[in-house]
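Worksheet: one structure, shown below.
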């Protein structure tokens, strides 16, 4: 049964506030208990169970909303907005066969073998950053942002001196993943235009003087138009550090708030792979996905007709007690883990192996070098639910 009542609408409304987003998990729990399928006030269906969220991201009868549907949201001129154009013509929201074509052209850069070969370089980056960490610091500025932006910057060929500006630019642009309004676009559009303009200049330079970086490889692909090269580069760069920055910051806060967890990661570095999976599950940097039903499907025992829009709350699915024993607890050695944080199916996150590797190297190294690391005040939560993270995490070493 699809449920829409005052309690459902109140819970969903609370998740649009910073207070509700600070700790959404009790609300997720209540939503799961009400019904497997809820209806929001904008007409979208909402699913919160692990099985239904997993089906949502894997079943090819559900796809991404085609960009022309933005007209129904009040933006018939969506392609004139840089933030919308650069997102809704990207691989992130494309459907087959376009998605298949675009993903094939870049997937070779993110194979497990190629990513594994980056381990020595990432270990060196981690050590260098930790050498500069002492006393009081903001963990986001000092570590969680510089590490992934350096990794993806090196891969793409973005010069080190140019990388810091993208921390704010990408955050401003990706606001459109949360909500699209004229106020949001007033910030997101100039940010997207700046990102695109920068990458256009860099791509032109790589055409004149190719290197061994990914951007040089992209501009050499004859199948890609100039627009597609810039859109792909922007997407890879943004996804390459945005998710991992939030994964690292969320993980450190969770570990420090659970007595004994930090010490255990320090003393048992072999736990790193299972610990990272658990941290992804416990407080995922990606909380929400949305799909359009193209053919009738069944979710939560409910028949869903074509044309419905379904929103999957991955953060809720990641704490579904029907899938995970003791789902609200952080268990670094949890077996049979299956976080939904990287999506699934044909849209499974291309950079997932790289994000995992960075976290598996960075978190134990941080615990080993700074066993007494502690929060030095309250972390500042990012005002977003789709992308969950922190603007600042004050710590003392």
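Residue numbers (the working numbering): 22 to 418. Positions of the beta carbon are idealized from the N, C-alpha and C atoms, including for glycine.
{"Item": "Enumerated in chain order, which unbroken segments of the alpha helix (DSSP H) with a length of 4 residues or greater are wholly contained in the stretch 50-102?", "Value": "71-79"}
{"Item": "Does the structure place the stretch 391-403 close enough to the stretch 290-302 that three or more beta carbon pairs sit under 8 Å?", "Value": "no"}
{"Item": "Consult DSSP for residue 289 and reduce its assignment to one of helix, strand or coil.", "Value": "coil"}
{"Item": "Only counting the same chain, and skipping five residues up and downstream in sequence, which positions put a Cβ closer than 6 Å to that of residue 212?", "Value": "190, 193, 194"}
{"Item": "Look at the alpha carbon of residue 209 and the alpha carbon of residue 123, and state the distance between them as a whole number of angstroms.", "Value": "24 Å"}
{"Item": "Quick one: what's residue 386 bridged to in DSSP?", "Value": "Partner(s): none; residue 386 has no beta bridge."}
{"Item": "Measure from the alpha carbon of residue 275 to the alpha carbon of each residue in 153, 352, 26, 87, then state which is nearest.", "Value": "352"}
{"Item": "Report the start-end ranges of each beta strand (DSSP E) in the stretch 273-321 that is 3 residues or longer and not cut off at the edges.", "Value": "309-314, 318-320"}
{"Item": "Give the straight-line distance between the Cα atoms of residue 223 and residue 179, rounded to the nearest whole angstrom.", "Value": "8 Å"}
{"Item": "Which residue from 315, 111, 234 puts its Cα closest to that of residue 245?", "Value": "111"}
{"Item": "Three-state secondary structure (DSSP) at residue 46?", "Value": "helix"}
{"Item": "What do you get for residue 133, buried or exposed, if any count of 16 or more other CB atoms within 10 angstroms of its CB means buried?", "Value": "exposed"}
{"Item": "Since residue 254 and residue 239 should fall inside the 8 Å C-beta cutoff, what is the C-beta to C-beta distance between them, to a whole number of angstroms?", "Value": "6 Å"}
{"Item": "Would you list the one or two residues that DSSP bridges to residue 324?", "Value": "319"}
{"Item": "For residue 321 and residue 71, which I take to be in contact (beta-carbon distance under 8 Å), what is that distance rounded to the nearest angstrom?", "Value": "Wrong, their Cβ atoms sit about 11 Å apart, outside the cutoff."}
{"Item": "Roughly how many whole angstroms lie between the Cα atoms of residue 342 and residue 229?", "Value": "56 Å"}
{"Item": "Does the Cβ of residue 327 have 16 or more other Cβ atoms within 10 Å, making it buried, or fewer, making it exposed?", "Value": "exposed"}
{"Item": "In this structure, does DSSP put residue 418 in helix, strand or coil?", "Value": "coil"}
{"Item": "Give the range of the alpha helix (DSSP H) segment to which residue 159 is assigned.", "Value": "Careful: residue 159 lies outside any alpha helix (DSSP H), inside the beta strand (DSSP E) at 157-159."}
{"Item": "Tell me where the beta strand (DSSP E) around residue 205 begins and ends.", "Value": "From DSSP, residue 205 is part of no beta strand (DSSP E) but of the alpha helix (DSSP H) over 203-229."}
{"Item": "Out of curiosity, what's the CA-to-CA distance linking residue 44 and residue 398?", "Value": "17 Å"}
{"Item": "For the beta strand (DSSP E) that residue 333 lies in, which residues bound it at each end?", "Value": "330-334"}
{"Item": "Quick one: measure Cβ to Cβ for residue 265 and residue 169, integer angstroms, because I've assumed they're closer than 8 Å.", "Value": "4 Å"}
{"Item": "Let me check understanding here. Comparing Cα to Cα, which of 201, 376, 337, 358 lies closest to residue 166?", "Value": "376"}
{"Item": "Please state the DSSP three-state secondary structure of residue 139.", "Value": "coil"}
{"Item": "When you compare each of 418, 55, 126, 26 to residue 243 by their alpha carbons, which one comes out closest?", "Value": "126"}
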